[in-house]
Amino acid sequence: METENIIEMLHITKEFPGIIANDDITLQLRRGEIHALLGENGAGKSTLMSVLFGLYQPEAGEIRKNGQVVKIHNPNDATALGIGMVHQHFKLIDVFTVLDNIILGAETTKLGFLQKKEARKKVEALSERYGLKVDLDAKVEDITVGMQQRVEILKMLYRDNEILIFDEPTAVLTPQEIDELMDTMREFAKEGKSILFISHKLNEIMAVSDRVTVLRKGKYVGTVNTKDTDQQSLSNMMVGRPVQLKVDKTPAKPGDVVLDVKGLSVHARTRKKDAVHDVSFQVRKGEIVCIAGIDGNGQTELVYGLTGLEKCSGGAVTLCGKDISHASIHQRGENMSHIPEDRHKHGLVLDFTLEQNLVLQRYREPEFQHLGFIKKGAVRQYAERLIEQYDVRSGQGPVTIARSMSGGNQQKAIIAREVDRDKPLIVAVQPTRGLDVGAIEYIHSQLVAERDKGRAVLLVSLELDEVMSLSDRILVMYEGEIVGELDPATTTVQELGLYMAGAKRTTKAGEQA
Amino acid sequence: MKQKISGLYQKDGTKSVLAALISIIIGLAVGSLIILAVGVANPTLGLTGAWDGIRLVFVGILSTGRDAAGALTFGFNPTSVGNMLFRATPLILTGLSVAVAFKTGLFNIGAPGQYLMGTAATLIIALSIPSDVVPTWLIWWLAFLGGALAGALWGCIPGLVKAFLNINEVLACIMTNWIAANLVTWVFDGSNYRNLVENTKSGYIYKTSFNGVETAKLGLDKLFPNSQVNGGILVAIVIAILMYVLMTKTTLGYELKACGSNRHAARYAGIRDKRNIVLSMAIAGALSGAAAALYYLSGNTEFFWSTYQSLPATGFNGIPVALLAASNPIAVIFTGCFMSMLDIVGLQLTNLTAYNEYITDVIIATIVYLSAFTLVIKTFLSGRKKRKAQAARAQAVPEEAPKPDAAEGKGGDGV
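The listed protein sequences derive, respectively, from chains A and B. Note that my numbering gives residue 1815 to position 334 of the first sequence, counting from 1, and the numbers run on in steps of one. Note that my numbering gives residue 272 to position 278 of the second sequence, counting from 1, and the numbers run on in steps of one.
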């Protein structure tokens, strides 16, 4: 029974200033199993894996491999022990080729010269064997995210690792790529490799893992066999209370038109074609309208055009009766709040404190400044109220540097800031991306509450579940155009999928089906 | 809670100060080593000469010359201190110029060019307005503001290029530096002030005192007799305080910093990012221009018109001043004074020993290198603190640990 465990992490404790990230956590990984590590954002999953990979040193506890106590001081030690990791944010050098990236740090050399031929043979053999298709001579910056991930996996295989850590590997993948990844993982397990799979997506964990260890707020909750549990009980374990997986909402009572878009076109940055072409729709008070579609079909540019981040090349946008087609971002902000797609690029100034970020949209208002001087006390008070009301967790409260916060709490901070601005229109772009069920439930209920208060909500989402459960009306975008308007109550996921793939479209006036 | 937070801030501040002090001490130590090496190798200096040199490196500002027996004497030397403050004036301002740009995410290596443009504007205004018609105090202010404005306009160029064409400001700054150097030479080449004669000295030099324009001494000459100090140092200090207030207390400072640290997020929040980048560079340029204005308006400072061969060192020295100060405007006052103190030390070395003043350049160079490492030193300092805390914890744990451990173990089993 003891030798069955290839890796044991016993009573691991790791502290950061103001927060205990791992508090006496024990994790036992069996040979040849896929072991899922489940927890909310900030539960300590990534920290625990970083300890195993030698990036952090725990304050207490020990790690054993095959029953022997080992010390892992840095990633090199981890590699020597056969531990490999695919990080959530890939660690690849963009301007190097795929092959160079794979052999980097483990180069075969003869008299100081690289022996790339041998390396190439080995990588090609591995790539063939596991069906991990990559272009060895392409530069990393030119390949898709899915292929970048395969490069990361090949890196681990090239180093003959037998313990593979996947840190939220599916967050960046398309549904198809996710299926392929799962097949690959099963293949690895069959060959006796042991896999640690970090995720907070319950359906994936149910589909691929053998056992699940659940963490909550840095503490160990328990380990269960996947076949003895279900999504509901896993999510309860993770959040610590019964979770509503379905959105609870009453039928919408749409009122006046808030946002009226007529024939809007937005140029693409790279291609000559319009990224958004002749799009018209309306969003009314008290309804959630969802723009659905596969990533890259113009949703991002549509939002840029609406919010002013990009210039519109044609058409008109009317917000609350005012034409804002050529208004500045600041002017548009008077009636619109915007939860941006990329929280690190647009949503936050990462080197600012939490309180400075919370007033990012409002510091000009008389409440927070007088004659150009910022009212420090008012900002602090406001920040404390938002933190309390929206349950934004951080190490040092209002003065926490935003960069040091977990992704989920960064997102909560943005939601708090935008929802609290109290504007007639909320544009929310993938507001729950990369978040755990607890946070998703919270954000969904916030959006529904805002709708019920009579605000118009324009939601852009790539998640079919979210689209189906949250929206009152669905607009499907395909190649920069709106190809259909659907009612979630009468539509099936399959039908929605057909529209998203461009296989079906409703005829609009002046256009051909 | 509040006390805790301010405590944290203080800790970070103390670390910055400590890091700067460590850089300074290592710099002085390296300078001393070189003095020692030179002294031992040179029979006219020897160990006693080296000892004199080393003492001067550390406390040269307090040197009062040699006594009758030929030994170095030390004490408060008002002339040295006054001259230090005089030389610190432009350094504080160019230091502020670099520091403010740093805070907004820009590297203003264009301070020498802005300084030159400020010089040209100041001199032209100060010398061309007839002082028999216009009161000299008004000419002084016009020349000062003109210098700052010229610097600001010159600083705008790299700012505009960065904002609208996305060209790195370092490149544009270096180019504008040399354009300024040649432009200023060309302008003065054709000017009428070239052959002003003072006593028997004539030639290509410019002094604002030709036109009776001089910075008021404001009594500082009584405090530091025989020195060049004037009211300029007070102007510099006031500007430093204003910059501190601007950057930390105002919405404008907030906007500038937001643009500097995340241009996209600033744009998202409706801040005009392009305007702010240009504005940052304009403010930085104005500070450099003001540095030149205060230096040349002192009246007795000479400007040699042919500048195209080299750039003014005062502009570049703003970079170490800002680095040592960790870009804090208030700290810049002190690091500016320190750098000018090294100048004085160099003079004392030349006057009182057989060493030459360039030893202090070695010290400055060492400090510049180390000031780039202040972050490393800071990390090292916090690392030490952490290790100490860990050691303390390790000792404290055995007594307290078992209880919560047991309690939590039970909680964990229950789920």
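Here a beta-carbon is modelled for each residue, glycine too, at the ideal position from N, C-alpha and C. Computed from a predicted model, the values in this text were never measured in an experiment.
Verify the CB distance criterion: does K1826 of chain A have a CB-CB separation below 7 Å to chain B?
yes
Chain-order list of residues whose beta-carbon lies under 8 Å from that of I16 of chain B (same chain, five-residue window excluded)
L364 and I371
With a threshold of 16 other CB atoms inside 10 Å of the CB of S1714 of chain A, please say whether the residue is buried or exposed.
exposed
Let me know the alpha helix (DSSP H) ranges lying completely inside the region 1545 to 1632 of chain A, each 4 residues or longer, listed in chain order.
1556 to 1561, 1579 to 1584 and 1597 to 1611
Residue range of the beta strand (DSSP E) that L1519 of chain A falls in?
I1515 to L1519
Cutting at 8 Å between CB atoms, please list the residues of its own chain near I231 of chain B, excluding the five before and the five after it.
I86 and I327
Does DSSP classify S302 of chain B as helix, strand or coil?
Reading off the sequence, residue 302 of chain B comes out as Tyr, not Ser. Y302 of chain B falls in the coil class under three-state DSSP.
From this set, A:L1956, A:E1960 and A:I1963, which residue's C-alpha is nearest P1969 of chain A's C-alpha?
A:L1956
Drop a sphere of 10 angstroms on the beta-carbon of K1708 of chain A, count the other beta-carbons inside from all chains shown, and report buried for 16 or more, exposed for fewer.
exposed
Would L1696 of chain A pass as a contact of K1526 of chain A if the rule is Cβ separation under 7 Å?
yes
Report the option in B:T202, B:L291, B:I18 and B:A280 whose CA atom is closest to the CA atom of M333 of chain B.
B:I18
Take the Cβ of E1605 of chain A as the centre, count every other Cβ of all protein chains shown within 10 Å, and call the residue buried at 16 or more, exposed below.
exposed
Tell whether a beta-carbon distance below 7 Å holds between I55 of chain B and S26 of chain B.
no
Length of the line joining the Cα atoms of L79 of chain B and I227 of chain B
6 Å
Contact residues within the region 1816 to 1841 of chain A, judged by C-beta distance below 9 Å to chain B
H1819, P1821, D1823, H1825, K1826, H1827, G1828, L1829, V1830, L1831, D1832, F1833, Q1837, N1838, V1840 and L1841
Anticipated Cβ contact below 8 Å, E1543 of chain A with V1550 of chain A, distance rounded:
5 Å
Would Q1850 of chain A pass as an interface residue toward chain B - the criterion being a Cβ-Cβ separation below 7 Å?
yes
Can you give me the Cβ contacts of D1832 of chain A inside the same chain, cut-off strictly under 7 Å, excluding the 5 residues immediately before and after it?
I1882 and R1884
My understanding is that I1644 of chain A touches L1510 of chain A, with C-beta atoms under 8 Å, so please give their C-beta distance in whole angstroms.
7 Å
Counting contacts by CB-CB distance shorter than 7 Å, is Y290 of chain B in contact with chain A?
no
Give the C-beta separation of I1553 of chain A and S1675 of chain A to the nearest angstrom, bearing in mind that I take them to be a contact with Cβ-Cβ under 8 Å.
In fact, because the Cβ distance is near 16 Å, the residues do not count as touching under 8 Å.
Helix, strand or coil, according to DSSP, for V1725 of chain A in the structure here?
In the sequence as displayed, the identity of residue 1725 of chain A is Gln instead of Val. Three-state DSSP puts Q1725 of chain A in coil, outside helix and strand.
Please decide whether K243 of chain B counts as near chain A, where near means a Cβ-Cβ distance under 7 Å.
yes
Looking at the strands, I want to know which residues DSSP matches up with R1996 of chain A.
The displayed coordinates of chain A run from 1482 to 1994. Any statement about residue 1996 of chain A would go beyond what the structure contains.
For L1940 of chain A, name the three-state secondary structure that DSSP assigns.
strand
Restricting to Cα atoms, I'd like to know which of B:A278, B:A44 and B:T242 is closest to A348 of chain B.
B:A44
Pair every Cβ in the region 1662 to 1670 of chain A with every Cβ in the region 1608 to 1627 of chain A, then say whether three or more of these pairs are closer than 8 Å.
yes
Report yes if the C-beta distance between G2060 of chain A and Q1837 of chain A is below 7 Å; otherwise report no.
Residue 2060 of chain A lies beyond the stretch modelled for chain A, which goes from 1482 to 1994, so this question has no answer here.
Straight-line CA distance for L1491 of chain A to N1503 of chain A?
11 Å
Spell out whether any CB of chain A is found under 7 Å from the CB atom of E394 of chain B.
For E394 of chain B, the predicted structure reports a pLDDT of 36, less than 50, and the residue's modelled location is therefore unreliable. A value from the coordinates is still provided. No, no contact with chain A.
In whole angstroms, give me the CA-to-CA distance for E1622 of chain A and L1654 of chain A.
17 Å
Between which two residues does the beta strand (DSSP E) holding E1791 of chain A run?
It is not in any beta strand (DSSP E) - E1791 of chain A carries neither H nor E in the DSSP assignment.
What is the rounded straight-line gap between the Cα of A95 of chain B and the Cα of Q1538 of chain A?
38 Å
So with Cβ pairs under 7 Å, would you call I1810 of chain A a contact of chain B?
yes
Does the Cβ of A366 of chain B have 16 or more other Cβ atoms within 10 Å, making it buried, or fewer, making it exposed?
exposed
Cβ of G264 of chain B within 7 Å of any chain A Cβ:
yes
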